[in-house]
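Participant: Be aware that the sequence shown starts at 91, since it is given in our numbering, and climbs by one per residue.
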Amino acid sequence: MLKIKIGRANTNDYVVDNPKICKYHAELTKTAEGILRIEDMDTVNGIYVNGIRIKRKNIALEDTVILAGCYTLDIRKTLRFCNDYSDEFLCLKDVYTDYILRKKRIIKNGQLKTGLYRMLPISIGGLGVVVIGQITDDQTIRIFGSLIAISFPIFGVIWATHCQTKIPENLEELNKHFRNAFICPKCGAYLGNQDWESLVRQKECKVSGCKAIWIINSAGN
Ligand SMILES: [Zn+2]
Numbered sequence: 091m092l093k094i095k096i097g098r099a100n101t102n103d104y105v106v107d108n109p110k111i112c113k114y115h116a117e118l119t120k121t122a123e124g125i126l127r128i129e130d131m132d133t134v135n136g137i138y139v140n141g142i143r144i145k146r147k148n149i150a151l152e153d154t155v156i157l158a159g160c161y162t163l164d165i166r167k168t169l170r171f172c173n174d175y176s177d178e179f180l181c182l183k184d185v186y187t188d189y190i191l192r193k194k195r196i197i198k199n200g201q202l203k204t205g206l207y208r209m210l211p212i213s214i215g216g217l218g219v220v221v222i223g224q225i226t227d228d229q230t231i232r233i234f235g236s237l238i239a240i241s242f243p244i245f246g247v248i249w250a251t252h253c254q255t256k257i258p259e260n261l262e263e264l265n266k267h268f269r270n271a272f273i274c275p276k277c278g279a280y281l282g283n284q285d286w287e288s289l290v291r292q293k294e295c296k297v298s299g300c301k302a303i304w305i306i307n308s309a310g311n
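1. Could you work out which residue in Tyr207, Ile238, Asn283 is closest to Cys253 when comparing CA atoms only?
2. In this structure, does DSSP put Glu36 in helix, strand or coil?
3. Less than 8 Å between the CB atoms is what I'm expecting for Lys147 and Arg127, so what's the real figure, rounded?
4. From the DSSP output, in three-state form, read off Gly136 for me.
5. In this structure, how does DSSP classify Asn199 when only helix, strand and coil are distinguished?
6. Got a sec, what are the start and stop residues for the alpha helix (DSSP H) Lys120 sits in?
7. Out of Ser298, His115, Ile125, which has the shortest C-alpha to C-alpha gap to Val134?
8. Within 10 Å of its beta-carbon, does Pro258 have 16 or more other beta-carbons around it, so buried, or fewer, so exposed?
9. Report the CB separation of Ser176 from Ile306 in whole angstroms; it is logged as a contact under 8 Å.
10. Using C-beta distances below 8 Å, list every residue in its chain close to Leu151, excluding the 5 sequence neighbours before and after it, in chain order.
11. Do you know whose CA, among Thr187, Asn108, Tyr138, Val297, lies nearest Phe268's CA?
12. Determine the contact status of Asn108 and Cys160, defining contact as a CB-CB distance below 8 Å.
13. Just how far apart, CA to CA, sit Val139 and Glu262?
What follows is the structure, given as structure tokens:
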């Protein structure tokens, strides 16, 4: 649970410098499941959610929250200010899953193509020799035709080698894209070649001074 104390006093997590706001005016909480709730700390001027005064209420990011009838609380800004980057971090799961899928696909397709281009021309060449032997008795045509048919596998090997060199090239391109996308949503540091689940266990960014929270604990602060 993420707890954000809001008010005029400097000891709050989010300080609002406004005389109508109490020293300890509100408490914004966010659960591990992402449920947001705002609570009035028994103030005179109160909290209004979408125009209605409340004591405590579950809210959505789109709701209009006004403290003391005069200060509009920007929920997103408040959460960012308190280093909550859990929503953005969740999106990185798709980035990682997509990367692994593409990586596997590049390797598998590359190997498939390489094998196919090596084997298929050999079969076509062999078949060509047999067909020429069947359709003509002319020795010159047989020899000439067989030479053409036999050259097929050579082109196959050249093309297969070309496909093989494409695998590391395509992987490098993918890795480049991944390094730009798999980054801390706050400081932009590349999160390294580790899976998303291990970052979940890490819970927050370890880059000095970043302090971004990726995973909100299910209990406590
Ligand atoms: Zn960071």
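Every residue, glycine too, gets a C-beta built ideally from N, C-alpha and C.
Predicted model only: the values in this text are computed from it and were never measured.
Facilitator: With the structure as the only source:
1. Tyr207
2. For the chain, the structure presents residues 91 to 311; residue 36 sits outside this window and is missing.
3. 7 Å
4. coil
5. helix
6. Looking at the DSSP string, Lys120 is not in any alpha helix (DSSP H); the run it does join, the beta strand (DSSP E), is 116 to 120.
7. His115
8. exposed
9. 5 Å
10. Leu126, Ile165, Arg166
11. Thr187
12. yes
13. 50 Å
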